[in-house]
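**Q**
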Amino acid sequence: MELHNKDTFSEDILPVVIVGNGPSGICLSYLLSGYTPYFSPDGFHPNPILHNKLTENPLLSLFDQDLEYLCEGVEGRSSNPVAVLFDALLLPDGDFGVDCASPLIWRHEPERATPHLVLGKGPPGGAWHAMEGSMLTLSLANWMELPGLKLKDWMRDKRRNLRNDRATPAEIASYYQHYVTKMDLEKSFACGTTVTSVSRVSLESGCSVWKIQGLQRRASSGEGNEVIEVPFSVYAENVVLATGTHDIPARLGVDGENLPFVCHSFWELEAAISSGRLDRASEPVLVVGAGLTAADAVLAAHHLNTPVYHAFRRPVSDPALIFNQLPKLLYPEYHKVHQMMSQQQHKVGETVVNLSNQPLSSLADGTSPYTCYPGYLSFPKHHVAAFRPDGKCVLEDERGLQTVLQVSMALVLIGAHPNLSFLQEHGRPLALDSEEAISCRRNPLDVNPYKYECVKEPGMYAMGPLVGENFVRFLKGGALAIVCDIAEKRSKKRQEKCTTSSLNIQLTNCALEA
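Our numbering numbers the first residue of the sequence shown as 277 and each following residue consecutively.
1. Apply the 10 Å Cβ neighbour rule to LEU393 and answer buried if 16 or more other Cβ atoms are within range, or exposed otherwise.
2. On the premise that LEU562 lies in contact with ALA686, defined as a C-beta separation below 8 Å, what is that separation, rounded to the nearest angstrom?
3. Looking at the structure shown, is MET736 part of a helix, part of a strand, or coil, going by DSSP?
4. Determine the DSSP secondary structure at ILE289, reduced to helix, strand or coil.
5. Going by alpha carbons, who is nearest to HIS454 out of PRO400, VAL574, ARG718, PRO507?
6. Considering PHE655, what are the terminal residues of the beta strand (DSSP E) in which it resides?
7. Whole alpha helix (DSSP H) runs in the stretch 520-608 with 4 or more residues, listed along the chain?
8. Secondary structure at ASP429, three-state DSSP: helix, strand or coil?
9. What does the Cβ neighbour count give for ASN333, buried or exposed, with the cut at 16 atoms within 10 Å?
10. How close, in whole Å, do the beta carbons of GLY424 and PHE537 come, if the pair is a contact with beta carbons under 8 Å?
11. Compute the beta-carbon to beta-carbon distance between TYR649 and ILE289, rounded to the nearest angstrom, for a pair I have assumed lies under 8 Å.
12. Using the Cα positions of LEU307 and HIS384, report the straight-line distance between them to the nearest angstrom.
13. Kindly identify the DSSP beta-bridge partner or partners of GLN682.
14. Rounding to the nearest angstrom, what Cα-Cα distance links ALA710 and HIS702 in this structure?
15. Can you look up PRO334 in the DSSP assignment and give me helix, strand or coil?
16. Using 10 angstroms around the beta-carbon of ILE504, count the other beta-carbons present and answer buried if the total reaches 16, otherwise exposed.
17. Mapping the DSSP letters down to three states, classify TYR511 as helix, strand or coil.
18. Compare the C-alpha of ALA573 against each of GLU745, ILE690, THR312 and name the closest.
19. Can you give the Cα-Cα distance for THR643 and GLN615, rounded to whole angstroms?
20. Just to confirm, is the Cβ distance from TYR726 to VAL516 under 8 Å?
21. Using a Cβ-Cβ cutoff of less than 6 Å, which residues in the same chain neighbour GLN492 once the five nearest sequence positions on both sides are dropped?
22. So what does DSSP say about ILE294, is it helix, strand or coil?
23. How far does the beta strand (DSSP E) with SER478 in it extend, from its first residue to its last?
24. Go through its chain and collect everything with a Cβ distance to VAL680's Cβ below 6 Å, but skip five positions before and after it.
25. How big is the Cα-Cα spacing for ARG388 and GLN771?
26. Could you compute how far the alpha carbon of ILE762 sits from the alpha carbon of ALA495?
27. Between which residues of its own chain and ARG704 is the CB-CB distance below 8 Å, once the five residues before and five after are set aside?
28. Write down the C-beta distance between ALA226 and MET420 rounded to the nearest angstrom, noting that I regard them as a contact closer than 8 Å.
29. If you follow the alpha helix (DSSP H) that GLN700 is in, where does it begin and where does it stop?
30. How would you call HIS540, buried or exposed, if buried means at least 16 neighbouring beta carbons within 10 angstroms?
31. Straight-line CA distance for CYS483 to PRO357?
32. Inspect the beta-carbon positions of ALA548 and VAL613 and report whether they are closer than 8 Å.
33. Applying the criterion that 16 or more other CB atoms from any shown protein chain within 10 Å of the CB defines a buried residue, is ARG749 buried or exposed?
34. Would you check if the distance between the CB atom of VAL477 and the CB atom of LYS487 is smaller than 8 Å?
35. Tell me GLU729's beta-bridge partners as DSSP assigns them.
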């Protein structure tokens, strides 16, 4: 879809504009397009409380029911109640790995459709198209799917097999792109767009709307395949932030972090391996962080037989570590990294062995303390104090004791921040703590838990990682909450118009009678 600069004529004001075309934006577009969930006449939910509530109004769609009432008594692995509710309805007993049938049925009701526009930098699927293509996703395959199209069925049609009930990021990205086509959502998607500004503007009528400005990449009309950027502006009653949080890598803020050997993305490690700059003869790689991306980096370097130093702030036994929350049987590769972190720790006071001199292809002769996983050494409860131009990194433990490591490359993989540069003050006033940068885990946007509307900015909604939802299975609840709230707003607006029209007719009749 090509966009243009538009004037603020009322007929050009869209009810909803969604910024972001990843799974959050796609799911919301699906629900806004008239696809409506109902409790099936034959439906059964294993939670007896929820089952009884759903049978109270069997003819009402989920959009027409009291979400807050349905959420009561439903528990799950998200802090957002509507996310837990919708997940429980789409994947009953999903936490137990049980493939239990959903009690919901979906009907396409075009009269419910709300005109909307989805803006995204790349093809539908968002950041999934930029992720490494061969590693397995963290989530089970059915946790990644969107309503109306089973991922397993799509994989079967593509003659692909799920490994350990999990897919690769490349397969997930392809699934999301196919989903938009299959569900006939393409007419609402404008890809190749970069949003540069979202702001409130006042109309002559006295009401205010959102003005969304940006640039859209297009092929030029001239000769060749030159790509040009064309400015656009659109107007909306409501705007939804669904950008994710993978745009800006988090930084340590220490001396030397801008040195050439210090990197902040997994893909820079991939590039170093592909180009041959990193191999088994290289000095050790330092991985900083204890999340899944850091674990992927450890696995990639270890697979290459490149020595790895691994530093992280938390103790290995900390229950908040993601590794301590994953079932071992389903995630054997991450369990292996967790074992390495636990069994091969640097002991305080010991001299650090140069891993470059350690045999990697087989176990050592037993004289080395690092025999379980040759070429790996973890530094729990350590942080980086500084990077030096000579390729050295200074680590410091919680007591202030320092260790200096010689490395070929340092990978700082400690999370990322969303790019909300198109908002005033980068969106900070919308966060729980307006003094801190927005962070999925520590400082998400402050939204009404049953509407996902920003507490400090009516008419602006947020979903997905921006409100603390890292997993696709839970972001779908945000789409449900937003659609319900916008539908209620539009219904009230129609009622007000009818009331005003009726009043005007009555006043006219009174004037004629007089």
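Ideal placement from N, C-alpha and C gives every residue a C-beta, glycine not left out.
**A** Working from what's here:
1. Within the sequence shown, residue 393 is the residue found at index 117, counting from 1. LEU393 comes out buried.
2. Here residue 686 refers to the residue found at position 410 when the sequence shown is read from its first residue. Here residue 562 refers to the residue found at position 286 when the sequence shown is read from its first residue. About 4 Å; that satisfies the 8 Å criterion.
3. Taking the first residue of the sequence shown as position 1, residue 736 is located at position 460. MET736: strand per DSSP, three-state reduction.
4. Against the sequence shown, residue 289 aligns to sequence position 13. Annotated three-state conformation of ILE289 is strand, per DSSP.
5. Position 178 of the sequence shown, counted from the first residue, corresponds to residue 454. Ranked by Cα distance from HIS454, the options PRO400, VAL574, ARG718, PRO507 are led by PRO400.
6. Position 379 of the sequence shown, counted from the first residue, corresponds to residue 655. Looking at the DSSP string, the run of the beta strand (DSSP E) that includes PHE655 is 652-655.
7. Entirely contained in the stretch 520-608, the alpha helix (DSSP H) runs reaching 4 residues are, in chain order, 542-551, 568-579.
8. On the sequence shown, residue 429 is found 153 positions in, with the first residue counted as 1. It is helical.
9. As a working mapping, residue 333 is identified with position 57 in the sequence shown. ASN333 is classed as exposed because its beta carbon has fewer than 16 other beta carbons within 10 Å across all chains shown.
10. Counted from its first residue, the sequence shown places residue 424 at position 148. Counted from its first residue, the sequence shown places residue 537 at position 261. Cβ-Cβ separation between GLY424 and PHE537: approximately 47 Å, too far for a contact (criterion under 8 Å).
11. Here residue 649 is taken as the residue at index 373 of the sequence shown, counted from 1. Here residue 289 is taken as the residue at index 13 of the sequence shown, counted from 1. Contact doesn't hold; Cβ gap of about 60 Å is too wide.
12. As a position in the sequence shown, residue 307 is number 31, starting the count at 1. As a position in the sequence shown, residue 384 is number 108, starting the count at 1. If you take the alpha carbons of LEU307 and HIS384, they lie about 9 Å apart.
13. Sequence index remark: in the sequence shown, residue 682 carries index 406 (1-based). GLN682 pairs with LYS668.
14. Counting from 1 along the sequence shown, the entry for residue 710 is found at position 434. Counting from 1 along the sequence shown, the entry for residue 702 is found at position 426. Contrary to the premise, residue 710 reads as Ser rather than Ala in this sequence. Inter-residue distance for SER710 and HIS702 is about 10 Å (C-alpha atoms, whole angstroms).
15. To locate residue 334, count along the sequence shown from 1; it is residue 58. Shown here, PRO334 sits in coil according to DSSP, grouped into three states, outside any helix or strand.
16. The residue given as residue 504 occupies position 228 in the sequence shown. Residue environment: ILE504 is assigned as exposed (fewer than 16 neighbouring CB atoms within 10 Å of its CB, all protein chains considered).
17. Here residue 511 refers to the residue found at position 235 of the sequence shown. DSSP places TYR511 in strand when its eight states are reduced to three.
18. One-based indexing of the sequence shown puts residue 573 at position 297. Closest option to ALA573, judged by alpha-carbon separation, among GLU745, ILE690, THR312: ILE690.
19. As a position in the sequence shown, residue 643 is number 367, starting the count at 1. As a position in the sequence shown, residue 615 is number 339, starting the count at 1. The predicted model places THR643 with a pLDDT of 45, which falls under 50 and marks its position as unreliable; any figure quoted below should be read in that light. About 21 Å.
20. On the sequence shown, position 450 is the one that residue 726 refers to. On the sequence shown, position 240 is the one that residue 516 refers to. The answer is no: Cβ separation not under 8 Å.
21. Counting from 1 along the sequence shown, the entry for residue 492 is found at position 216. Listed in chain order, the non-local C-beta contacts of GLN492 below 6 Å within the same chain comprise LEU279, GLY468, THR469, VAL506, PHE508, local neighbours out to five positions each way being set aside.
22. Mapped onto the sequence shown, residue 294 falls at position 18. Looking at ILE294 - three-state DSSP - the assignment turns out to be strand.
23. Counting from 1 along the sequence shown, the entry for residue 478 is found at position 202. Counting along the chain, SER478 sits inside the beta strand (DSSP E) bounded by residues 469-478.
24. The residue you call residue 680 lines up with position 404 of the sequence shown. Shown here for VAL680: same chain residues with a beta carbon closer than 6 Å to its own, the five before and five after excluded, namely LYS668, VAL670 in chain order.
25. What you label residue 388 is simply residue 112 of the sequence shown in a count that begins at 1. What you label residue 771 is simply residue 495 of the sequence shown in a count that begins at 1. Those two C-alpha atoms are separated by around 16 Å.
26. Within the sequence shown, numbered from 1, the residue matching residue 762 stands at position 486. Within the sequence shown, numbered from 1, the residue matching residue 495 stands at position 219. Distance between the alpha carbons of ILE762 and ALA495: 35 Å.
27. The count along the sequence shown starts at 1 and reaches residue 704 at position 428. Contacts found: SER710, GLU711, GLU712, ALA713, ILE714.
28. No answer is possible for residue 226: it lies beyond the span of the chain, which begins at 277 and ends at 790.
29. For the purposes of this step, residue 700 is identified with residue 424 of the sequence shown, where counting begins at 1. No alpha helix (DSSP H) holds GLN700; DSSP gives it neither H nor E.
30. As a working note, residue 540 is residue 264 in the sequence shown. Buried, because 16 or more other Cβ atoms sit within 10 Å of the Cβ of HIS540.
31. Taking the first residue of the sequence shown as position 1, residue 483 is located at position 207. Taking the first residue of the sequence shown as position 1, residue 357 is located at position 81. Distance between the alpha carbons of CYS483 and PRO357 is about 32 Å.
32. Numbered from 1 along the sequence shown, position 272 holds the residue referred to as residue 548. Numbered from 1 along the sequence shown, position 337 holds the residue referred to as residue 613. Taking 8 Å as the Cβ cut-off, ALA548 and VAL613 do not qualify as a contacting pair.
33. Here residue 749 is taken as the residue at index 473 of the sequence shown, counted from 1. Under this definition ARG749 is a buried residue.
34. Residue 477 sits at position 201 when you count from the first residue of the sequence shown. Residue 487 sits at position 211 when you count from the first residue of the sequence shown. The answer is yes: Cβ separation under 8 Å.
35. For the purposes of this step, residue 729 is taken as residue 453 along the sequence shown, with counting starting at 1. DSSP, once it has assigned bridges, lists TYR737 as partnering GLU729.
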